[in-house]
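> Can you keep this structure in mind? I'll have questions shortly.
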Amino acid sequence: MTEELLHGHDPSEVVLLVQLLQDGYLIDSKTFYFVNDKHLRLHSPTIRVKEVEGSNGTTFTLESNVLARHVWMSSEAEGFYSDNFFDLSPGIPMTVSFSRRDNGKQAFVPGKPGQVEVRSMADCIDPAMVLTV
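In this note's numbering, the protein residues as written are 500 to 632.
Written out as structure tokens, the structure reads:
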């Protein structure tokens, strides 16, 4: 079955993305990798982070030109992102919001993260293993 899906392509360079749509809306999405992470042949991604207009600096859309495995966001401010440690597929944007530590009645409230840093698995492995686009 795997060989039928791969059509002769190198399994270390192939990802299967399955999406469940209902009435044009994405219900669920799963990504399948044919090899373990240590055997993936990743390209170095260019990840663009854009503030969502009208969000007052609390919501961001991320996009990548190639598969970005295990994307991780960090911030200057103490808080958390609505989603973190995810995969970005080219052409499929991901939107996340930031909640900042609050000294008031609530533990966290929507807030600006300050300086945002984005990394992926390609940033954390031997550069000789990363493919160039």
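Every residue, glycine too, gets a C-beta built ideally from N, C-alpha and C.
1) If you draw a straight line from the alpha carbon of M441 to that of I591, how long is it in whole angstroms?
2) Given a cut-off of 8 Å on the beta-carbon distance, is the pair S619 and R568 in contact?
3) Could I get the ranges of all uninterrupted beta strand (DSSP E) runs contained in the region 537–623, with 3 residues as the minimum, in chain order?
4) In angstroms with no decimal places, state the Cα-to-Cα distance between A576 and P612.
5) Short check: CB of L561 to CB of P589, under 8 Å?
6) DSSP beta-bridge partners for D509?
7) Would you mind reading off the limits of the beta strand (DSSP E) that contains D527?
8) Going by CA-CA distance only, name the one from R600, V615, F531 that's closest to T558.
9) Going by the beta-carbon positions, is the gap between A621 and L541 smaller than 8 Å?
10) Restricting to Cα atoms, I'd like to know which of G523, G603, K549, V513 is closest to N535.
11) Please name the residue, chosen from L587, G523, V595, F579, that lies closest to E550 on a Cα-to-Cα basis.
So, from the listed chains and residues:
1) No information on residue 441 is available, as it lies outside the stretch 500 to 632 that the chain covers here.
2) yes
3) 546–550, 558–563, 567–574, 578–580, 585–587, 593–600, 607–609, 615–618
4) 5 Å
5) no
6) Per DSSP, none; premise fails for D509.
7) 524–532
8) V615
9) yes
10) V513
11) V595
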